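Trainee:
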Amino acid sequence: MNNYNPMHVSVLLKAVVKHALPKNGKIFADCTFGLGGHTKAILEEYPQITKVFAVDRDGEILNYSIDKISDPRISRFQAKASELPDVLKLTGCKGVDGILLDLGVSSYQLDNHERGFSFMRSGPLDMRMDKRDGNTAENIVNTYEKSQLEHIFFEYGEEKFARRIADAIIRKRSEKTITTTEELAKIISDAVPAANKNKKQIHPATRVFQALRIEVNNELGEIEDFLTVALDCLNPGGHLSIIAFHSLEDRLVKNFMQKYAKGCDCPPKFPVCVCGKKPMLELLTKKAIFADEDEIAVNPRSRSARLRCAKKCLG
Ligand SMILES: C[S@@+](CC[C@H](N)C(=O)[O-])C[C@H]1O[C@@H](n2cnc3c(N)ncnc32)[C@H](O)[C@@H]1O
821 MNNYNPMHVS VLLKAVVKHA LPKNGKIFAD CTFGLGGHTK AILEEYPQIT
871 KVFAVDRDGE ILNYSIDKIS DPRISRFQAK ASELPDVLKL TGCKGVDGIL
921 LDLGVSSYQL DNHERGFSFM RSGPLDMRMD KRDGNTAENI VNTYEKSQLE
971 HIFFEYGEEK FARRIADAII RKRSEKTITT TEELAKIISD AVPAANKNKK
1021 QIHPATRVFQ ALRIEVNNEL GEIEDFLTVA LDCLNPGGHL SIIAFHSLED
1071 RLVKNFMQKY AKGCDCPPKF PVCVCGKKPM LELLTKKAIF ADEDEIAVNP
1121 RSRSARLRCA KKCLG
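For the sequence shown, this note's numbering assigns the number 821 to the initial residue and increments by one for each residue that follows.
In structure tokens form, the structure reads like this:
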């Protein structure tokens, strides 16, 4: 990646900055640091910040980001968002005033064909955000049962030709191992009916590549794991902001925030609360925030982004 200067445009920047921390917040955790675009804007808006935990699963992007943003308040950690408690423990920090998750991958990862996230140029079928993880896209494509492949493509990619594509993969891999993004993109493209391809604006492999990436990195399981520890990492009054790009991701976030903002979980037919559970979150965004047309025009990736923010209750 010599002489490469990636342009990752941070999505929903204004809204993220507005909600990232309480006005007097001092400690911030960016758990999907990427190239630090959001953090940079947040540090400008909240000059009183004393420490930023810059967490990313991808060690390569963290190293690369050093050239993009250097500030003595930033400490980088290669870790999953769900490992934030370990990161805080390591430094003796008891809690943070703001946590941000901007899920998915960065342009840096997509543009590097050796990482195998994109079909625009041929590369190995990898797609691991953390190269220390075991499961690659090549492993999935060449070893998963047909029904598993179909399930992944349909559920995570919302691909309506999931069965045809899974069939085509099974046929092809019985002849030879599928090893490159280019080979896989061609198999998918050939499997999708021509009439449908013409109607589609996006490349026919887009949805399957997204689905494989979600499976390789266990992205939904990782969000669930993060949500189980998120509240413990926040100081009272601290803000939690999450940008999702997929309806399955967003549903997890929405359900979590609504559950903890409600408190009482007595059955609706009970005339009075007997569980005594108090709300632990206050919703800062009643509905998800989406990019406007101007942002989408400049950054088409922002079209599927949705931001939800909540504040940890004081008592
Ligand atoms: C969309 S980019 C973030 C871009 C960043 N907000 C910016 O403005 O530059 C997502 C980043 O989060 C990382 N990532 C995705 N899921 C993660 C997780 N569960 N834990 C840690 N890092 C994650 C990816 O490796 C990628 O670098």
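Note that the Cβ used here is the ideal one computed from N, Cα and C, for glycine as well.
Since we're looking at a predicted model, the values are computed, not measured.
Judging by CA-CA distance, which residue of Ile985, Thr852, Ile862 and Ile881 is the nearest neighbour of Asp931?
Mentor: Stepping through the sequence shown from its first residue, residue 931 is reached at position 111. The shortest Cα separation from Asp931 among Ile985, Thr852, Ile862 and Ile881 belongs to Ile881.
Trainee: Please confirm whether any heavy atom of ligand 1 lies closer than 6 Å to the CB of His858.
Mentor: On the sequence shown, residue 858 is found 38 positions in, with the first residue counted as 1. The answer is yes for His858.
Trainee: Where does Asn1055 fall in DSSP's three states?
Mentor: In the sequence shown, the residue the question calls residue 1055 occupies position 235. Note: Asn1055 maps to strand in three-state DSSP.
Trainee: I'd like the span of the beta strand (DSSP E) that includes Ser895, first residue to last.
Mentor: Taking the first residue of the sequence shown as 1, we reach residue 895 at position 75. Run containing Ser895: Ile894 to Gln898, per the beta strand (DSSP E) assignment.
Trainee: Taking contact to mean at least 3 C-beta pairs separated by less than 8 Å, is the stretch 972 to 987 in contact with the stretch 931 to 941?
Mentor: No, because fewer than three Cβ pairs between the stretch 972 to 987 and the stretch 931 to 941 fall closer than 8 Å, the two stretches do not touch.
Trainee: Check whether the stretch 839 to 853 touches the stretch 916 to 930, taking contact to mean three or more Cβ pairs, one atom from each stretch, closer than 8 Å.
Mentor: Flag = yes, the stretch 839 to 853 and the stretch 916 to 930 touch.
Trainee: Are the beta-carbon atoms belonging to Phe1046 and Ala901 less than 7 Å from one another?
Mentor: Here residue 1046 refers to the residue found at position 226 of the sequence shown. Here residue 901 refers to the residue found at position 81 of the sequence shown. Contact flag set, yes.
Trainee: So who's on the other strand from Gly1083, going by DSSP bridges?
Mentor: Start at 1 with the first residue of the sequence shown, and residue 1083 comes out as number 263. Paired residues: none, contrary to the question.
Trainee: Please classify Pro905: does DSSP put it in a helix, a strand, or coil?
Mentor: Along the sequence shown, one-based indexing puts residue 905 at 85. Helix.
Trainee: I'd like to confirm something about Gly918: is its beta-carbon nearer than 6 Å to some heavy atom of ligand 1, or not?
Mentor: For the purposes of this step, residue 918 is identified with residue 98 of the sequence shown, where counting begins at 1. Outside the cutoff, so no.
Trainee: Using a C-beta cutoff of 7 Å, does Asp876 count as contacting chain B?
Mentor: This model lacks chain B altogether; it includes just one protein chain.
Trainee: With DSSP collapsed to three states, give me the class of Thr852.
Mentor: For the purposes of this step, residue 852 is identified with residue 32 of the sequence shown, where counting begins at 1. If DSSP states are grouped into helix, strand and coil, Thr852 belongs with coil.
Trainee: Measuring only the C-alpha atoms, how far is Gln898 from Pro1091?
Mentor: Taking the sequence shown and counting its residues from 1, the one referred to as residue 898 is at position 78. Taking the sequence shown and counting its residues from 1, the one referred to as residue 1091 is at position 271. Approximately 49 Å between the Cα atoms of the pair.
Trainee: DSSP on Ser927, reduced to helix/strand/coil?
Mentor: Here the question's residue 927 lines up with position 107 in the sequence shown. It is helical.
Trainee: Measuring CB to CB, does Lys888 end up less than 7 Å from Gly856?
Mentor: As a first step, residue 888 is located in the sequence shown; it is residue number 68 there, counting from the start. As a first step, residue 856 is located in the sequence shown; it is residue number 36 there, counting from the start. Cβ distance < 7 Å, so Lys888 and Gly856 count as in contact.
Trainee: Is it buried or exposed for Ala1014, if we count other Cβ within 10 angstroms and need 16 for buried?
Mentor: Position 194 of the sequence shown, counted from the start, is the residue given in the question as residue 1014. The residue is exposed, with fewer than 16 neighbouring Cβ atoms inside 10 Å.
Trainee: Evaluate contact between the stretch 997 to 1005 and the stretch 956 to 965, counting only Cβ atoms and requiring at least three cross-stretch pairs below 8 Å.
Mentor: Touching, per the Cβ criterion.
Trainee: If you reduce the DSSP assignment to three classes, tell me which class Pro1120 lands in.
Mentor: On the sequence shown, position 300 is the one that residue 1120 refers to. Here Pro1120 sits in helix by DSSP.
Trainee: With Leu1101 as the anchor, note down where its beta strand (DSSP E) starts and where it stops.
Mentor: Translated into positions along the sequence shown, residue 1101 becomes position 281. Leu1101 to Leu1103 is the extent of the beta strand (DSSP E) around Leu1101.
Trainee: What is the C-beta distance between Glu1069 and Leu923, in whole angstroms, given that I count them as a contact (C-beta under 8 Å)?
Mentor: Taking the sequence shown and counting its residues from 1, one reaches residue 1069 at position 249. Taking the sequence shown and counting its residues from 1, one reaches residue 923 at position 103. About 6 Å separates the two Cβ atoms, so the contact holds.
Trainee: Going along the chain, which residues of its own chain have a beta-carbon closer than 8 Å to the beta-carbon of Arg893, five neighbours each way excluded?
Mentor: Mapped onto the sequence shown, residue 893 falls at position 73. Taken in chain order, the residues that qualify are Leu863, Ile869, Thr870, Lys871 and Val872.
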